[in-house]
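Asks: In my numbering, the protein residues as written are 36 to 962. What follows is a single structure, and I will ask about it in a moment.
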RNA sequence: GCCGGGGUGGCGGAAUGGUAGACGCGGUGGUCUCAAACACCAUUGGGGUCAAACCCGUGCGGGUUCGAGUCCCGCCCCCGGCACCA
């Protein structure tokens, strides 16, 4: 019998036995509860699996294995997110077809996952590029289309000049393409979108129903970006137009015109009247509006340009041209000074009746709200910067609450007379006391007509109602979320099942003709003109439409996130050729009970999958409205990466302080020339540690256990192979312990063991066993795998200690030891399944631990029969005393006061108070 | 700037308001060995002492409490996300 952990002697043996027995094929047995545990759909990269991936897969495996042993039907699938840019780019580089390449890579991933003993049900596996899968991705696209949730429009999109494709907002980081690192350009192309904005509110609301990390929920709420405010219309007024008249609070627009006419002013006819809408979350500051700003792309700007004098018109056009040239990155750089020009036109503030100049400036985004704002420089930092730069009026209309600011004296920055051109002088009024801009909301309105003196909250309510009554606007909820751009002008993706028929009519490909196969061609590199490679394949493009006429296929493919938005449903019923899934089967397994992956997908995959799930629910195809009940994010595993000190003037990588070198170079350089840095494992950094190499040196179980033990599950880890030695040593200690106890092991202990005749060591051993069962189980459930492992270590240490103290083991002790051995092996099984099965067979048990019942604990056995009571004097620990578990307050206090150490500290003092926490602590307060 | 998560020994990290530092790594001393490695045993927050007693200790400053790593208020620092979103 082995008394140490020798992984090479048994790990592959057990892996073979598991495979031969189809051990991990999903069971769907009557009367068992279900558990659906899943990892994020990986893209199988050529670099293969790193220990970082394993940090994702091992914990999920642990919880799934435990659930299996606890009697659940467990669904634990794995598949591959095969479509997408990374695969296609690499395939082009390697001059190999992406399909063949992905097959190789996926096979390698599977091999590595098997190597570390992950319990995936491979019979359910698929790749998103399998026609039998993407057929149904297309089918879901058609559902979206029919529900009005998929549409095509001309859009300025994020164009990646390196990958030669369009990207989603989410794929851009700081103005650069996340994948290629290229600076994103603007390009106008007809694009397909999914109308995720229709679901914005539900996507916010239902976050309350799922058990996800707070950070991810917050990121999603942030990304959706709900704002409550008021949207209202403002009239444009030109030089020479009649002065607007004062509008009483309850005047409608019609009445306003009638009044103007009566007063002898020219009434602007409907055709000549221009207006635009603004959205604001601070309607309470409307009296502080001193100018308006339109995005340069705003539709009304061209019309204004034709109506103002030539100089202003020219200013507008040249600014528009400049804005068009600027990339979004340059435009949105926060450090950039504000730019803009006065249009020569004015807008009429509906609250004050005053005319304010209209400017165009690129700090106002065309894509948010109405693309136009009322500018309140006294209470908005961006408007303030703009006002200072162009010397525009700044007016204070909110005073900090509690300040001595009087409504009458509230003036802020304000010119002395109404001006109609763009060069006012700035003057600070004596009455202004607050530091401007004052953006806080706990304030009182000043300088705001009849609203002066109201709180911000009241004024928002009152002015909102007034705007609505006036009929020029309404209270509105605005979201930052944009529709999901799915078009990709690339080959390696799921074709969009649409035909462009005669007269530009769009037709869906009928269900019976799905899937639209991705043609198998040799050349699929992007043309570089924004068209898809598919557009250059006549056999693919030319089709007959529904009515037998000639039509052309849509040649865009869907971005990869479409494929990963429903794969969890396909796993529930992966082999059905007639349906994407059968509802009763999907309803049995869904939702995913535990979904595990990296936090980097917080606003992409996780939002899209939630959206599709809701649509499919609305379509009546599934019961759930949320796909993932519980979400957990593992921490990253960082690899050590060598850099050398840069030569003077040498170009450094983004965020780096040295020049990346290889490990070989690092060895050659003198030690003080090498800078070691920790970074995410990647092929390009050359710092990937594979499970293959760690397994070879230390064994799969030692690796698994170390991954669990090294840090809390969601914390980042700086990887070192040496750490694995610790868990390897621990496994050896288990093997030795089991070998030591083997002589007294009784297979039938269960029917014989009883508490009555137990002696002291037996009682202690059982207590230790049952405490460990309780804690290990709870810790796995709570994703505290590091403490799960440490409880097992503590257990083993404790049993060794007892062993050392027992000279002549009693029968009761032998039975308790038998229970301890079996419990230990079974508790170890999810973490180190190979060793567990090996030990199981060594003690003469047949079969697999995977099919054994998870140990349960008996609370009465887990409780101590003596307790250690901490005795404090004035809150400081002075002594500890052993008492029977049933000790009462009186006894505990008496014993405490009898302690010599306690007496030394209360001597000469009066006892003021005595605190007793049952079974735990006594605190004597004396002075 | 806004949102989220964190600051505990030499290191990774444990601690339902109740004995801070579990468990492991590393270190030190020892056993085994011709020797080394492995393994095993002991010890290991700082100060103090022959040993103890005792004192100090969870980023900083206050507070609540018999008692605070944990709760409250105000700061500092680190990590992640978003960022001219009106």
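Glycine residues also receive a C-beta, built at the ideal position from the N, C-alpha and C atoms. Remember, it's a predicted structure, so these values are computed and weren't measured experimentally.
#1: Note the first and the last residue of the continuous alpha helix (DSSP H) segment covering residue 801.
#2: Sorted by chain position, which residues of the same chain lie with C-beta nearer than 6 Å to residue 61's C-beta, five sequence neighbours on each side aside?
#3: So which of 816, 854, 819, 859 has the shortest CA-CA distance to residue 832?
#4: On a Cα-Cα basis, can you pick out the residue from 541, 769, 700, 870 that is closest to residue 177?
#5: Where do the ends of the alpha helix (DSSP H) carrying residue 247 lie?
#6: Considering only the alpha carbon of each residue, which of 508, 593, 892, 420 lies closest to residue 264?
#7: Taking the C-alpha atoms as reference points, what is the distance between residue 180 and residue 531?
#8: Can you give me the C-alpha to C-alpha distance between residue 408 and residue 401, rounded to a whole angstrom?
#9: Let me know the beta strand (DSSP E) ranges lying completely inside the region 600-642, each 3 residues or longer, listed in chain order.
#10: I'd like the list of long-range same chain contacts for residue 553, defined as Cβ closer than 6 Å, with 5 residues on each side in sequence excluded.
#11: Is it the case that the Cβ atoms of residue 329 and residue 395 are separated by a distance below 9 Å?
#12: Can at least three beta-carbon pairs, one atom from the region 797-816 and one from the region 725-733, be found at a separation below 8 Å?
#13: Checking the sheet assignment: what are the DSSP bridge partners for residue 963?
#14: Determine the closest residue to residue 153 out of 233, 538, 58, 605, with distance taken between C-alpha atoms.
#15: Between the alpha carbons of residue 793 and residue 824, how many angstroms are there, rounded?
#16: Residue 923: buried (16+ other C-beta within 10 angstroms of its C-beta) or exposed?
#17: Would residue 593 be called buried (16 or more neighbouring beta carbons within 10 Å of its own) or exposed?
#18: Inspect the beta-carbon positions of residue 916 and residue 941 and report whether they are closer than 9 Å.
#19: Sorted by chain position, which residues of the same chain lie with C-beta nearer than 7 Å to residue 239's C-beta, five sequence neighbours on each side aside?
#20: Hey, residue 674 and residue 716 are a contact pair by Cβ (cut 8 Å); roughly how many whole angstroms apart?
#21: Whose CA, out of 149, 387, 483, 776, lies closest to the CA of residue 869?
#22: May I have the straight-line CA-CA distance separating residue 338 from residue 273, to the nearest angstrom?
#23: Rounded to the nearest angstrom, how far is the Cβ of residue 10 from that of residue 433, given a contact under 8 Å?
#24: Following the continuous alpha helix (DSSP H) through residue 514, name the residue where it begins and the one where it ends.
#25: Examine the Cβ distances between the region 63-72 and the region 621-634 and report whether three or more of them are shorter than 8 Å.
#26: Spatial neighbours of residue 743 within its chain, please: C-beta separation below 8 Å, excluding the five flanking residues on both sides.
#27: Does DSSP put residue 226 in a helix, a strand or coil?
#28: I need the straight-line Cα distance from residue 467 to residue 413, nearest angstrom please.
#29: How about the region 664-679 and the region 746-756: do they share at least three Cβ pairs that are nearer than 8 Å?
#30: Within 8 Å: the Cβ of residue 757 and any heavy atom of the ligand GTP?
#31: Return the Cβ separation of residue 661 and residue 244 in integer angstroms, given the expectation that the two are a contact with Cβ distance under 8 Å.
#32: Is residue 404 buried or exposed, if buried means 16 or more other CB atoms sit within 10 Å of its CB?
#33: Let's see if you can read the secondary structure: which residues bound the alpha helix (DSSP H) around residue 587?
#34: If you count every other CB in all the chains shown that lies within 10 Å of the CB of residue 528, and 16 or more means buried, which is it?
#35: Measure the alpha-carbon distance for residue 303 versus residue 324 and round it to whole angstroms.
#36: Does the distance from the C-beta atom of residue 876 to that of residue 40 stay below 9 Å?
Replies: In this structure, then:
#1: 795-816
#2: 110, 156
#3: 859
#4: 541
#5: Where residue 247 is concerned, there is no enclosing alpha helix (DSSP H), given that its DSSP letter is neither H nor E.
#6: 508
#7: 11 Å
#8: 10 Å
#9: 629-632
#10: 530
#11: yes
#12: no
#13: Residue coverage of the chain in this structure runs from 36 to 962, which leaves residue 963 outside it and unanswerable.
#14: 58
#15: 29 Å
#16: exposed
#17: buried
#18: no
#19: 256, 259, 261
#20: 4 Å
#21: 149
#22: 12 Å
#23: This structure cannot settle anything about residue 10, because the visible part of the chain is limited to 36 through 962.
#24: Looking at the DSSP string, residue 514 is not in any alpha helix (DSSP H); the run it does join, the beta strand (DSSP E), is 508-514.
#25: yes
#26: 93, 94, 97, 820, 821, 823, 824, 866
#27: strand
#28: Residue placement at residue 467 cannot be trusted, given a pLDDT of 47 that sits under 50; what the coordinates show is reported in the next sentence. In a straight line, the C-alpha of residue 467 is about 11 Å away from that of residue 413.
#29: yes
#30: This structure lacks the ligand GTP, and indeed carries no ligand of any kind.
#31: 6 Å
#32: buried
#33: It is not in any alpha helix (DSSP H) - residue 587 instead sits in the beta strand (DSSP E) that spans 585-588.
#34: buried
#35: Residue placement at residue 303 cannot be trusted, given a pLDDT of 48 that sits under 50; the coordinates are not used to answer.
#36: no
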